[in-house]
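Residue numbering for the sequence shown follows UniProt numbering, beginning at 1 and increasing consecutively.
Written below as C-alpha cells is the structure these notes are about.
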Amino acid sequence: SETVGGTLVGVGLFFLSVYVLFTNEGRALKTASILDEGLSLVVSLGLYPSLDLQNNNRLVHLSAQLRTSQPLHDPSYGVVVQAVKLKREVEMYQWVEHQESKDYQENGETKTETTYTYNTEWKLELVNSRNFDKEIGHQNPSAMAVQSVTVVFPEVRAGPFILSKGICLNNDINTQPIIEPLFVNVSIVAMQRGEQLMPFKTKSGDTLEILYLEELSAEEVFAREHQHNNMKTWGLRAAGWALMFLSIQLMTRIIYTLVDWVPILRQLVSVGLKIFALCVSCSLSLLTIGIGWLFYRPLVAAGLGALALLPWFLTRPGLLAKKKE
Numbered sequence: 001s002e003t004v005g006g007t008l009v010g011v012g013l014f015f016l017s018v019y020v021l022f023t024n025e026g027r028a029l030k031t032a033s034i035l036d037e038g039l040s041l042v043v044s045l046g047l048y049p050s051l052d053l054q055n056n057n058r059l060v061h062l063s064a065q066l067r068t069s070q071p072l073h074d075p076s077y078g079v080v081v082q083a084v085k086l087k088r089e090v091e092m093y094q095w096v097e098h099q100e101s102k103d104y105q106e107n108g109e110t111k112t113e114t115t116y117t118y119n120t121e122w123k124l125e126l127v128n129s130r131n132f133d134k135e136i137g138h139q140n141p142s143a144m145a146v147q148s149v150t151v152v153f154p155e156v157r158a159g160p161f162i163l164s165k166g167i168c169l170n171n172d173i174n175t176q177p178i179i180e181p182l183f184v185n186v187s188i189v190a191m192q193r194g195e196q197l198m199p200f201k202t203k204s205g206d207t208l209e210i211l212y213l214e215e216l217s218a219e220e221v222f223a224r225e226h227q228h229n230n231m232k233t234w235g236l237r238a239a240g241w242a243l244m245f246l247s248i249q250l251m252t253r254i255i256y257t258l259v260d261w262v263p264i265l266r267q268l269v270s271v272g273l274k275i276f277a278l279c280v281s282c283s284l285s286l287l288t289i290g291i292g293w294l295f296y297r298p299l300v301a302a303g304l305g306a307l308a309l310l311p312w313f314l315t316r317p318g319l320l321a322k323k324k325e
C-alpha cells in the first residue's frame with residue numbers, strides 16, 4: 001500500500017513539475033517583454049526632476065529623496081518615528097512540534113517509524129496545537145495577544161511627485177526608524193499622472209511600477225529587473241527539475257520493491273533507477289521548457305527539443321547494434 005501511495009504521489013508531483021516548468025517559461029518571457037517595452041518607452045526626468053505636464057500618462061524615471069510631512073504613530077505603544085512605513089512584528093512563545101521519520105526493514109518489508117519532539121520557540125504566526133500528535137501538555141493559546149500591523153504614510157513624496165500606496169506597500173521601503181537628518185534616496189519607474197506616480201499599463205495588460213532604494217539610471221533599473229527575472233527563472237527551473245526527478249523516483253519505486261529481497265540485485269537496481277530518473281527528468285525538463293518556448297521562439301525550442309531527445313537517440317538498440325558491428 002505504501003508503494004501504491006508513493007506511485008500516486010509521484011504521478012501528482014510529475015504533473016506539478018510539468019506545470020511549474022511550462023508556466024515558468026511563459027512568465028519569464030512575458031516579464032522580459034514587459035521590461036523591454038518599458039525601457040523603450042521610459043522618459044528620464046534627469047537629476048532634478050520637475051513636474052512637466054507633457055509627460056502625463058507616460059512612463060517616467062526619476063531619482064529623488066523620499067519625504068513625508070508628518071511622523072508615523074503606533075498608538076498602542078506610543079511609538080513615533082519619521083518614516084514612510086512602520087511595521088510592528090509580534091512574536092509569541094509557543095510549543096512547536098518537530099517530527100523525524102526513519103525507514104527500517106522488518107520481515108522483508110520497508111516500514112516507517114515517526115518520532116515527535118516538542119520545543120518552545122518564538123514564532124511570528126500562531127501554531128495550532130490541535131494538529132499535534134500529542135496535544136496534552138503542549139497546548140498553545142488560540143489567538144495572538146497582540147497583532148502585527150503595517151502602517152504606511154498616506155502621502156509619500158519623491159521630488160515633486162506623490163507615490164501610489166501600492167508602490168510603498170509592495171516594495172521594501174525603509175521599515176526601520178529614520179532619525180533626522182537621515183535621507184532616503186530612491187529610483188522610481190512609474191506612470192506620471194499630474195503630480196501622482198501610478199502603475200503603468202503595458203500592451204499585454206500587465207502593470208509596471210518599480211522602486212529601488214538607491215540612485216540608479218533608467219537603464220540600470222531595467223537591468224536589475226532583468227537580473228531578478230533571470231534568477232527567478234533559473235530557480236523555478238531547478239525546482240521543476242527536482243520535482244520531476246523525485247516524481248520519477250517515486251513512480252519507479254515499485255520496481256525496487258520487487259527485488260528488495262535480493263541484497264546484491266537490490267543495490268544494482270537502486271543505482272540503475274537513480275540513473276534512469278536522472279536521465280529521464282533532465283530530458284523531460286528540457287522538452288517541457290522547449291514546448292514553453294515554442295510559441296515565443298520556435299528556433300530555440302527546436303534546439304532544446306533536439307537536445308532533450310539526444311539521450312534517447314544515442315541509446316537506441318539499432319544504433320548500439322551498428323556500433324558493435
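Beta carbons: idealized from backbone N, C-alpha and C, even for Gly.
None of the values given here were measured: they were computed from a predicted structure.
Is residue i helix, strand or coil by DSSP?
i: Ser247; result: helix
i: Gln70; result: coil
i: Thr23; result: helix
i: Thr7; result: helix
i: Arg224; result: helix
i: Gln99; result: strand
i: Leu213; result: coil
i: Thr31; result: helix
i: residue 329; result: Coverage of the chain is limited to positions 1 through 325, which leaves residue 329 absent and any answer about it impossible.
i: Met198; result: strand
i: Ser17; result: helix
i: Glu125; result: coil
i: Val184; result: coil
i: Val79; result: strand
i: Glu37; result: helix
i: Ile136; result: coil
i: Thr252; result: coil
i: Arg193; result: strand
i: Phe276; result: helix
i: Lys232; result: helix
i: Glu113; result: strand
i: Lys85; result: strand
i: Arg297; result: coil
i: Leu309; result: helix
i: Val146; result: coil
i: Thr63; result: This sequence places Ser at residue 63; Thr is not what is there. Looking at Ser63 - three-state DSSP - the assignment turns out to be strand.
i: Ile179; result: Unreliable positioning characterises Ile179 in this predicted model, as indicated by a pLDDT of 46, which lies under 50. A coordinate reading is not provided.
i: Asn56; result: coil
i: Asn131; result: helix
Comparing alpha-carbon positions, which option in the options lies nearest residue i?
i: Asp52; options: Gln192, Ser187, Ala28; result: Gln192
i: Arg88; options: Glu97, Asp74, Ser101; result: Asp74
i: Phe245; options: Glu214, Val18, Gly5; result: Val18
i: Asn24; options: Ala277, Asn140, Ala238, Ser142; result: Ala238
i: Leu213; options: Ile188, Glu225, Thr233; result: Ile188
i: Glu209; options: Ile34, Lys274, Leu72; result: Ile34
i: Leu243; options: Val280, Leu265, His98, Thr115; result: Val280
i: Ala306; options: Phe295, Arg297, Glu215, Ser283; result: Ser283
i: Thr117; options: Glu106, His98, Leu236, Asn140; result: His98
i: Ala32; options: Ile167, Tyr77, Glu225, Gly6; result: Glu225
i: Gln227; options: Leu8, Val9, Asp36; result: Asp36
i: Met55; options: Thr110, Phe200, Phe295, Ala145; result: The displayed chain sequence assigns Asn, not Met, to residue 55. Residue Phe200 is the option with its Cα nearest to Asn55.
i: Asn229; options: Asn107, Leu13, Gly26; result: Gly26
i: Pro154; options: Val146, Leu72, Glu106; result: Leu72
i: Leu216; options: Leu47, Met231, Ala143; result: Leu47
i: Cys82; options: Val184, Leu299, Leu211, Leu309; result: It is Gln, not Cys, that sits at residue 82 in the sequence shown. Gln82 has its Cα closest to that of Val184, out of Val184, Leu299, Leu211, Leu309.
Would residue i and residue j qualify as a contact pair, given that the criterion is a beta-carbon distance under 8 Å?
i: Asn165; j: Val152; result: Reading the sequence as shown, one finds Lys at residue 165 and not Asn. Yes, these two residues count as a Cβ contact at 8 Å.
i: Ser101; j: Glu113; result: yes
i: Ala158; j: Ala64; result: yes
i: Thr288; j: Phe15; result: no
i: Gly10; j: Ser247; result: yes
For residue i, which residues from the same chain have a beta carbon less than 6 Å from its beta carbon, with the 5 sequence-adjacent residues on both sides left out?
i: Phe161; result: Glu195, Leu197
i: Leu163; result: Val156, Leu197
i: Ser69; result: none
i: Glu121; result: Val96
i: Asp103; result: Thr110, Thr112
Who are the Cβ neighbours of residue i in its own chain at under 8 Å, not counting the five residues just before and after it?
i: Arg58; result: Leu41, Val43, Met191, Gln192
i: Ser148; result: Lys87, Arg88, Glu89, Val90, Leu124
i: Asp206; result: Lys30, Ile34
i: Trp241; result: Ser17, Leu21, Ser281, Cys282, Ser285
i: Lys274; result: Gln249
At a Cβ threshold of 8 Å, is residue i touching chain D?
i: Arg130; result: Protein chains in the displayed structure number just one, and chain D is not present.
Mind reading off the beta-carbon distance from residue i to residue j? Whole number of angstroms is fine, and I expect it under 8 Å.
i: Leu45; j: Leu62; result: 4 Å
i: Ala277; j: Thr252; result: 7 Å
i: Val96; j: Val127; result: 6 Å
i: Leu66; j: Val186; result: 6 Å
Within its chain, find whatever has a CB closer than 7 Å to the CB of residue i; leave out the 5 residues flanking it on each side and keep chain order.
i: Thr233; result: Asn24, Ala28
i: Leu236; result: Val20, Asn24
i: His138; result: Trp95, Tyr118, Ser129, Phe132
i: Ser50; result: Pro160
i: Tyr93; result: Thr120, Trp122
i: Gly6; result: Leu250, Arg253
i: Glu135; result: Ser129
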